[in-house]
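Note that the sequence shown covers residues 487 to 546 in this note's numbering. For each residue, glycine too, the CB sits at the ideal point set by N, CA and C. Here the structure is a predicted model, which is why all the values come from computation and not from measurement.
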Amino acid sequence: MIMARKDNSKTDEPGRKDIRPGKSPEPPPPARKGEAFDELIGADAAFRKALGNAERAAQS
C-alpha cells in the first residue's frame, strides 16, 4: 500500500520528486519580457485598422 507522505509525493526514496504522467518535470522556458504585450499591441493595431476600413466602407 502506498502511504501519503508529508510532501505529497508517492515515492519512498528521499529527495526524489513525484513525476506524474502528463506533467512536465521541467518548467517551460521563460518568455521574453514583453513578448505577450507586443503581440497584444500588434493584434490591437490590426483590429483598429480593420475597424477603420469597415467604417469607411459603411459610410461610402
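- DSSP, read as helix, strand or coil, puts Glu525 in helix.
- CA-CA distance, Pro515 to Glu521, rounds to 13 Å.
- Note on geometry: alpha-carbon atoms of Lys535 and Pro513 lie some 37 Å from one another.
- One Cα belongs to Ser546, the other to Gly538, and the distance between them is close to 13 Å.
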